[in-house]
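Novice: In this note's numbering, each residue's number is its place in the sequence shown (first place is 1) plus 25. Mind having a look at this structure? Questions to follow.
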Amino acid sequence: MEIIIEFTLLISFLLNFFIVKITALFLKEKARFCTLSALLGAAISLIAPLCHLNVICKLIVTVFTAAFMVSLSFSFKKIKKFIMIYGSFLGGTFLFGGGCYAVTQAFGQLPLIVLGLIAFGIYICAYFILKARNKKRVLDNFSFKVKLCINGQEVEEEGYLDSGNVLYDPITNKPIVLITYEVFSKFFHEDYLNAYMKKIDPRKFKCGHYVKINTVASGTSILVFNADKLEVLDGDKRTYNDISLGLSFSGFDKSLGKKILLHSELV
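Next up, the structure:
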């Protein structure tokens, strides 16, 4: 009997811990005292059935237990924020409870260890889904439609405003906007290998030269040249004339999904 109680406590603790963590990830809030909160919640859920409470009392205990865990795990100053966190916490509770209930309905009564593994599987799936959602929101918040104009030719692409891009052209002191070879090739028909190996003659381009850097662009130097114009088309439209562009092979487009890396000074 003692082993069963300890195991029940462990499973309840894990469920509560997962719910707190998923709530924090969903709201992009920092959760504190997660272990203590989950342990106290598990202890209350284990002790409550021994008191032989009626349905209404059990409901009240459940509501106040959730409120207690939210108050312990999250900081808030306004009731509106508390309600938002509390609602998200309840949503996480229904997610795990509903998932376990659906499996038991399909396969019958299952051992506690199996339910624990199911809860862990739900947590992993929810974790990666929310991580991807949060990353997309960040990208969307810092993404802008950009139009580049070079030698009378115009190309529109999605640009990402990177606070970490603080590159400046040491010759002109202008901020450098990084572009991928794919964007570069829409304006110039230069061989990829020559571009990658820095064998392109910079004199072919307006104010063309190589700049040594040790940051987001790969290699020891990048080709830098001037575009006639760069326009930011989203929000408050802005135009920058004779903007410096840097040809980057760092692969930032693979992680960000954008082919233009805007300077932190722009937009």
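Built from N, CA and C at the ideal position, the CB exists for glycine as well.
Cβ of Leu291 within 7 Å of any heavy atom in the ligand NAD?
Specialist: Ligands are entirely absent from the displayed structure, and the ligand NAD is therefore not among its contents.
Novice: How would you write the range of the beta strand (DSSP E) that Asn190 sits in, first residue to last?
Specialist: Segment: none, Asn190 is in no beta strand (DSSP E) and carries neither H nor E.
Novice: Span of the beta strand (DSSP E) holding Asp278?
Specialist: Where Asp278 is concerned, there is no enclosing beta strand (DSSP E), although the alpha helix (DSSP H) it sits in stretches over Phe277 to Leu281.
Novice: Starting from Cys174, follow its DSSP beta bridges and name the residues at the other end.
Specialist: Answer by DSSP bridge pairing, in chain order: Glu179 and Lys254.
Novice: With Ile285 as the anchor, note down where its alpha helix (DSSP H) starts and where it stops.
Specialist: Segment Ile285 to Leu287 is the beta strand (DSSP E) holding Ile285; no alpha helix (DSSP H) there.
Novice: Go through its chain and collect everything with a Cβ distance to Asp187's Cβ below 6 Å, but skip five positions before and after it.
Specialist: Contacts found: Leu286.
Novice: Between which two residues does the alpha helix (DSSP H) containing Asn219 stretch?
Specialist: Tyr217 to Tyr221 is the span of the alpha helix (DSSP H), which, as asked, contains Asn219.
Novice: Given that a residue counts as buried once 16 or more other Cβ atoms are within 10 Å of its Cβ, and exposed if not, what is Met222?
Specialist: Exposed is the call here.
Novice: Ile36 CB to nearest chain D CB: under 8 Å?
Specialist: Absent from the structure: chain D. Only one protein chain is present.
Novice: Taking the CB atoms as reference points, tell me whether Ile238 and Ile247 lie closer together than 8 Å.
Specialist: For Ile238 and Ile247, yes; Cβs fall inside 8 Å.
Novice: Return the residue from the list Phe42, Gly271, Ser96 and Ile196 that minimises the CA-CA distance to Ala202.
Specialist: Before going on, a small fix: residue 202 reads as Val here, not Ala. For Val202, the nearest C-alpha among the options comes from Gly271.
Novice: Quick one: Cα of Val236 to Cα of Leu192, how far?
Specialist: Approximately 10 Å, taken between the alpha carbons.
Novice: Does DSSP put Asn79 in a helix, a strand or coil?
Specialist: Coil at Asn79, not helix or strand.
Novice: Sorted by chain position, which residues of the same chain lie with C-beta nearer than 7 Å to Pro195's C-beta, five sequence neighbours on each side aside?
Specialist: Same-chain partners within the cutoff: Val236.
Novice: Since His237 is in the beta strand (DSSP E), which residue starts that stretch and which ends it?
Specialist: Contrary to the premise, residue 237 reads as Lys rather than His in this sequence. His234 to Lys237 is the extent of the beta strand (DSSP E) around Lys237.
Novice: Select from Lys229, Ile36, Asp261 and Lys254 the residue whose C-alpha is nearest the C-alpha of Ile143.
Specialist: Checking every option, the nearest Cα to that of Ile143 belongs to Ile36.
Novice: Where do the N-terminal and C-terminal ends of the alpha helix (DSSP H) with Asn166 fall, by residue?
Specialist: Counting along the chain, the alpha helix (DSSP H) containing Asn166 begins and ends at Leu137 to Asn166.
Novice: I'd like to check one pair, Phe99 with Ile108: are the Cβ atoms closer than 8 Å?
Specialist: Contact: no.
Novice: Quick check on DSSP: helix, strand or coil for Arg228?
Specialist: Here Arg228 sits in helix by DSSP.
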